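First comes the structure, then the notes that go with it.
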Amino acid sequence: MDVTVVRVVDPASAKEAFSSPKAGTKLVAVQFRLRNTGTAVYDDSPSNGARLVDSEGQQFTASITTDTTAGPGFPGSVTITPGDTALGYITFAIPTASQVAKIQFTLDSGFAPSTGQWTVS
7 MDVTVVRVVD
17 PASAKEAFSS
27 PKAGTKLVAV
37 QFRLRNTGTA
47 VYDDSPSNGA
57 RLVDSEGQQF
67 TASITTDTTA
77 GPGFPGSVTI
87 TPGDTALGYI
97 TFAIPTASQV
107 AKIQFTLDSG
117 FAPSTGQWTV
127 S
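To convert, take the position in the sequence shown, counting from 1, and add 6; that gives my numbering.
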């Protein structure tokens with residue numbers, strides 16, 4: 007699998023009013039492209055392996071909110087056949103004052119031996 011961070015939207019707006027962040031928090035939407043360059047079908051939940059790290063080193067897991075006005079999120083589970091690509095947002099709820107520093111992604115719901123990391127500037 008090739009994983010690419012395409013875009014970071016900070017702050018992102020919830021698509022539905024009932025999904026708005028709690029007071030003192032904001033939503034950050036990260037668009038990932040997952041390309042299956044292997045020979046086996048990839049079947050996983052991308053949000054399980056995604057982490058956001060702020061400038062203080064705090065790590066945040068994906069929020070239940072998946073759809074923002076930035077674009078559609080991944081469904082709960084994705085199946086990508088060899089040669090195919092999936093594109094979607096994973097949303098994080100973080101403190102309003104936090105600044106995004108890094109995005110991390112680990113395949114196999116976060117249990118693969120290697121983690122990709124992207125610096126956000």
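C-beta: ideal position from N, C-alpha, C; glycine also. These numbers come from a predicted model, not from an experiment.
Taking the alpha carbon of residue i as the point to measure from, which residue in the options has its own alpha carbon closest?
i      : options                         : result
GLY82  : ALA46, PRO52 and ASP16          : PRO52
ALA41  : ALA68, THR125, ALA35 and VAL12  : The question names Ala, yet the displayed sequence has Arg at residue 41. Comparing Cα positions, the closest option is VAL12.
VAL14  : VAL84, ALA107, PHE117 and TYR48 : ALA107
LEU113 : LYS21, ASP16, ASN54 and ALA35   : ASN54
THR45  : GLU22, GLN105, SER69 and THR87  : THR87
Can you tell me the Cβ-Cβ gap for residue i and residue j, rounded? I've got them flagged as a contact below 8 Å.
i      : j      : result
VAL9   : PHE111 : 5 Å
ARG57  : LEU93  : Actually they are not in contact, since the Cβ atoms of ARG57 and LEU93 sit about 19 Å apart, beyond 8 Å.
SER104 : ASP60  : 4 Å
Once the 5 residues before and after residue i are set aside, which same chain residues still bring their CB inside 7 Å of it?
i      : result
THR102 : GLY30, THR31 and LYS32
Tell me whether residue i sits in a helix, a strand or coil according to DSSP, three-state version.
i     : result
ASP50 : strand
ASP73 : coil
ALA92 : strand
PHE98 : strand
Leaving out the 5 sequence neighbours to the left and right, which residues in its chain are closer than 6 Å to residue i when beta-carbon positions are compared?
i      : result
THR121 : GLN110 and THR112
TYR95  : ALA35, GLN37, ALA76, GLY77 and GLY79
What is the residue span of the beta strand (DSSP E) that residue i lies within?
i      : result
GLY122 : 122-125
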